[in-house]
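Residue numbers (the working numbering), protein chains in the order written: chain F, 1 to 340; chain D, 341 to 680. Ideal Cβ placement from N, Cα and C applies to all residues, glycine included. All of these numbers come straight from a predicted model, not from anything done at the bench.
Protein chains: 2
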Amino acid sequence: MATLKDIARALDLSITQVSRALNDHSDVNEETRLRVKATARAMNYHPNASARKLVSGRSGMVGLVVPQYRNIGQDRLFMEVVAGLSTQFSGRGMQFVLHMMAEHEPALPVYQKLIGTAMLDGFVLIDPMEQDPRIDFLRKAGICFVVHGRSGKVIDYPYFDIENEQLAYDLTAHLTQRGHRRIAFLNGRADRSYVTVREQGYLRALRDGRGEVLPHLHLNGDMDEAHGLTDTIRLFSGDAPRPTAIVCGNVRLARGVYQGLEALGLSVPGDVSVVAHDDELPALRASAFFPSLTVTKSPLRDSWEPLADCLAGAIEGKPLGTLQRLGSYSFIERNSVASL
Amino acid sequence: MATLKDIARALDLSITQVSRALNDHSDVNEETRLRVKATARAMNYHPNASARKLVSGRSGMVGLVVPQYRNIGQDRLFMEVVAGLSTQFSGRGMQFVLHMMAEHEPALPVYQKLIGTAMLDGFVLIDPMEQDPRIDFLRKAGICFVVHGRSGKVIDYPYFDIENEQLAYDLTAHLTQRGHRRIAFLNGRADRSYVTVREQGYLRALRDGRGEVLPHLHLNGDMDEAHGLTDTIRLFSGDAPRPTAIVCGNVRLARGVYQGLEALGLSVPGDVSVVAHDDELPALRASAFFPSLTVTKSPLRDSWEPLADCLAGAIEGKPLGTLQRLGSYSFIERNSVASL
DNA sequence: CGGTTTTCCCGAAACGTTTCGGAAAACATA
DNA sequence: TATGTTTTCCGAAACGTTTCGGGAAAACCG
């Protein structure tokens with residue numbers, strides 16, 4: 001491996017000047033800079049990340065820590081995250097590193113160890129809980145991170161998020177405006193922060209639109225087809241008042257809801273209206289539903305670039321204001337809603 | 341972060357002696373060693389991987405580089421690899437790091453860069469091709485690696501593999517011994533080394549058992565249900581002589597074969613006998629087939645431990661002889677084969 | 001021409017660890 | 001007493017990089 005010393009010797013320069021030339025410092029002759037960069041390339045020089053990290057505190061590596069949960073193999077979403085972030089950081093000349101925890105391993109010690117060895121410049125946190133302990137932990141440790149979503153009340157850290165409250169409001173309001181009063185909400189798992197936020201939007205829309213607030217119509221769980229199906233069956237069984245419309249946290253849930261309604265002999269939108277939020281994961285297109293599905297849409301794949309931006313910015317020490325981003329979404333009306 | 345210096349100061353020892361104590365060197369008083377280790381734990385000391393790597397050449401991190409191919413999201417196998425290796429290396433106090441390449445990015449420059457920055461101690465290579473260029477490249481660069489499988493003729497590197505030649509032989513011979521003469525083989529993609537090796541076993545068994553060697557009965561392709569289905573339809577269409585038995589490279593292929601045969605109105609094993617190799621991936625059990633499937637079985641999940649062993653051993657400089665392992669497999673006879 | 005600024009460069013220190021080559025002390029051997 | 005041996009320790013160098021503080025020479029200014 002070629003080192004700075006090798007280049008310096010070859011060009012009869014000091015190590016200092018070679019380093020400064022390669023890092024585009026100001027006080028180096030333009031012609032020298034070019035010569036240095038040329039020979040660096042010719043000698044196939046790559047800066048030693050360990051040495052660099054040791055002195056400057058930066059290695060150019062960032063990490064993602066994920067738990068190894070049971071269904072991760074089928075989890076299309078997870079691969080999206082890894083592929084998307086990996087690509088983004090590669091494009092910035094950084095290394096993206098995935099660390100998978102054992103199934104029920106506690107997360108904090110893992111971060112502890114990773115921080116202790118000081119190999120990484122920062123972390124991407126996905127799937128934040130309400131009051132996520134990782135955030136406190138990393139902040140106290142003084143490590144850079146960016147959160148996909150927002151957690152807790154004090155939001156003084158870099159994040160990328162979409163307006164989950166407003167999105168749930170819009171979906172629900174779309175239904176109240178068409179006369180629906182009993183609207184079910186198939187939400188995600190109750191411990192996730194975005195789930196709480198969406199619930200607030202749902203409730204606000206019900207209040208604004210004179211919808212009925214019925215606890216049994218708000219359901220939490222994994223947002224997959226199976227839950228969409230079983231939740232639907234449950235909603236339309238028993239004596240409790242039944243909904244005339246269903247808001248789904250994602251399109252996978254909606255797919256299950258469609259199946260459940262079909263099994264029950266109910267039609268969309270004749271008997272029940274359905275709307276959903278669409279992350280635009282591949283292999284499940286809301287427009288290809290029959291009848292096609294009305295959604296709020298914000299492609300998940302638009303998250304990776306701002307996330308990488310924010311983390312890279314945080315590592316460079318940019319001010320917090322530039323490191324908090326909100327993604328937009330669009331409302332797409334299709335054929336899955338009827339007026340009452 | 342606590343450093344060696346902090347511990348040394350706290351115990352009024354030299355940095356040298358603290359380092360030696362922590363690394364279990366011989367010339368340190370037993371009582372001192374204990375004292376050092378105790379305070380290290382108390383101060384929550386973790387050795388700085390960068391500093392260590394810089395001087396000793398070891399960071400305790402190993403990597404896996406994977407291409408980001410189209411269907412990786414559905415690829416249960418891929419997650420098995422990541423989860424399995426991650427767990428194994430964690431258990432050895434090492435960090436396992438995943439690097440995902442862009443979809444058609446050439447691999448060698450990625451390794452080049454990863455090696456150049458010198459953050460990793462070694463690599464795990466999966467899915468080797470015949471004469472895989474990565475092997476030559478890493479060997480020339482002097483980087484440790486272990487291969488899941490074997491590639492090329494000169495096998496002078498650490499690997500873990502199963503006896504693919506013999507396994508294909510056994511499956512095929514099981515059929516010739518029961519009177520089958522026209523035996524199809526649904527093999528993997530032609531560029532993989534294990535595919536070539538299995539083909540050799542298949543052909544050897546045909547020769548030994550007086551089977552017919554018919555090129556149109558040996559098919560290559562992705563080993564998924566879709567290919568099993570379409571290959572089966574193809575085998576039983578047209579004028580070419582049809583097989584009486586099918587050997588499948590894995591259970592997913594066999595699932596497709598069963599579906600294809602059912603669609604064609606052919607019964608297993610009445611009309612066609614089927615055998616397969618079983619990697620024991622979750623969610624697809626050969627014993628749950630109807631009729632239950634005769635297989636050679638060697639669980640893929642048994643690979644991760646020897647792979648990690650071999651790579652860790654290579655990094656420690658153990659001799660090559662201890663770093664080459666062969667996994668075993670078992671033959672399980674069930675109800676998918678009939679005698680002619 | 002004297003003084004000031006600008007341009008370009010360099011030596012040395014530092015980061016946290018491992019390791020080489022001793023070396024003091026205690027103890028045994030002759 | 002002199003000589004070796006073992007035990008336990010330490011100073012200093014090294015790994016490859018960045019960066020601080022300076023400094024020589026050239027260019028500019030009045």
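Is the beta carbon of residue i less than 8 Å from the beta carbon of residue j?
i                     : j                     : result
residue 484 (chain D) : residue 654 (chain D) : yes
residue 507 (chain D) : residue 488 (chain D) : no
residue 205 (chain F) : residue 244 (chain F) : no
residue 468 (chain D) : residue 650 (chain D) : no
residue 513 (chain D) : residue 474 (chain D) : no
residue 94 (chain F)  : residue 62 (chain F)  : yes
residue 439 (chain D) : residue 417 (chain D) : no
residue 198 (chain F) : residue 249 (chain F) : yes
residue 268 (chain F) : residue 291 (chain F) : yes
residue 304 (chain F) : residue 138 (chain F) : no
residue 598 (chain D) : residue 629 (chain D) : yes
residue 181 (chain F) : residue 210 (chain F) : yes
residue 60 (chain F)  : residue 51 (chain F)  : no
residue 371 (chain D) : residue 409 (chain D) : no
residue 151 (chain F) : residue 90 (chain F)  : no
residue 80 (chain F)  : residue 285 (chain F) : no
residue 646 (chain D) : residue 463 (chain D) : no
Below 8 Å on the Cβ atoms is my contact criterion, and I expect residue i with residue j to pass it. Report the Cβ-Cβ distance as a whole number of Å.
i                     : j                     : result
residue 526 (chain D) : residue 586 (chain D) : 6 Å
residue 294 (chain F) : residue 252 (chain F) : Between residue 252 (chain F) and residue 294 (chain F) the Cβ distance is about 16 Å, and since that is not below 8 Å, they are no contact.
residue 601 (chain D) : residue 612 (chain D) : 6 Å
residue 362 (chain D) : residue 345 (chain D) : Not confirmed; about 13 Å, so no contact.
residue 117 (chain F) : residue 387 (chain D) : 7 Å
residue 321 (chain D) : residue 678 (chain D) : Residue 321 (chain D) lies beyond the range of chain D shown here (341 to 680); nothing can be said about it.
For residue i, tell me which candidate among the options has the shortest Cα-Cα distance.
i                     : options                       : result
residue 542 (chain D) : D:529, D:531, D:563 and D:557 : D:557
residue 42 (chain F)  : F:248, F:79, F:142 and F:3    : F:3
residue 56 (chain F)  : F:11, F:13, F:189 and F:19    : F:19
residue 594 (chain D) : D:660, D:572, D:428 and D:604 : D:572
residue 208 (chain F) : F:54, F:170, F:337 and F:83   : F:170
residue 130 (chain F) : F:229, F:257 and F:190        : F:190
residue 405 (chain D) : D:422, D:521, D:430 and D:389 : D:422
residue 536 (chain D) : D:570, D:551, D:503 and D:664 : D:503
residue 53 (chain F)  : F:119, F:288, F:259 and F:179 : F:119
residue 663 (chain D) : D:478, D:486 and D:677        : D:486
residue 112 (chain F) : D:384, D:678 and D:431        : D:384
residue 461 (chain D) : D:398, D:494 and D:495        : D:398
residue 331 (chain F) : F:306, F:339, F:296 and F:301 : F:296
residue 375 (chain D) : D:347, D:563 and D:519        : D:347
residue 153 (chain F) : F:141, F:136 and F:140        : F:136
residue 554 (chain D) : D:349, D:570, D:575 and D:368 : D:575
residue 618 (chain D) : D:437, D:564 and D:604        : D:564
From which residue to which residue does the beta strand (DSSP E) around residue i run?
i                     : result
residue 101 (chain F) : 95 to 101
residue 6 (chain F)   : Not the beta strand (DSSP E): residue 6 (chain F) falls in the alpha helix (DSSP H), residues 4 to 11.
residue 618 (chain D) : 613 to 618
residue 670 (chain D) : 670 to 672
residue 327 (chain F) : 324 to 327
residue 524 (chain D) : 523 to 527
residue 407 (chain D) : 401 to 407
On the DSSP letters alone, give me the boundaries of the alpha helix (DSSP H) that residue i sits inside.
i                     : result
residue 558 (chain D) : Not the alpha helix (DSSP H): residue 558 (chain D) falls in the beta strand (DSSP E), residues 558 to 560.
residue 123 (chain F) : Looking at the DSSP string, residue 123 (chain F) is not in any alpha helix (DSSP H); the run it does join, the beta strand (DSSP E), is 122 to 125.
residue 419 (chain D) : 416 to 431
residue 571 (chain D) : 565 to 575
residue 598 (chain D) : 591 to 603
residue 149 (chain F) : Looking at the DSSP string, residue 149 (chain F) is not in any alpha helix (DSSP H), and its letter there is neither H nor E.
Report whether the distance from the Cβ of residue i to the nearest heavy atom of the ligand ZN is below 7 Å.
i                     : result
residue 583 (chain D) : For the ligand ZN, the structure offers nothing, since it holds no ligand at all.
Which residues, in order along the segment 105 to 139 of chain F, keep a beta-carbon less than 9 Å from a beta-carbon of chain D?
105, 110, 112, 113, 114, 115, 116, 117, 118 and 119
Going along the segment 28 to 55 of chain F in order, which residues come within less than 9 Å of chain D, judged by CB to CB distance?
44, 45, 46, 47, 48, 49, 50, 51, 52, 53 and 54
Short of 9 Å Cβ to Cβ, which residues in the segment 147 to 161 of chain F face chain D?
none
Which of the residues in the segment 543 to 575 of chain D, read from start to end, lie with their CB under 8 Å from any CB of chain F?
none
Given a limit of 7 Å on CB to CB distance, which residues of the segment 604 to 632 of chain D reach chain F?
none
Output needed in chain order: residues of the segment 307 to 337 of chain F with a Cβ under 8 Å from some Cβ in chain D.
none
The segment 395 to 406 of chain D: positions lying closer than 8 Å to chain F by Cβ
399, 400 and 401
Residues of the segment 79 to 99 of chain F with Cβ closer than 8 Å to any Cβ of chain D, in chain order:
79, 80, 82, 83, 86, 87, 90, 95, 96, 97, 98 and 99
Using Cβ-Cβ distances below 9 Å, what residues of the segment 245 to 256 of chain F are close to chain D?
none
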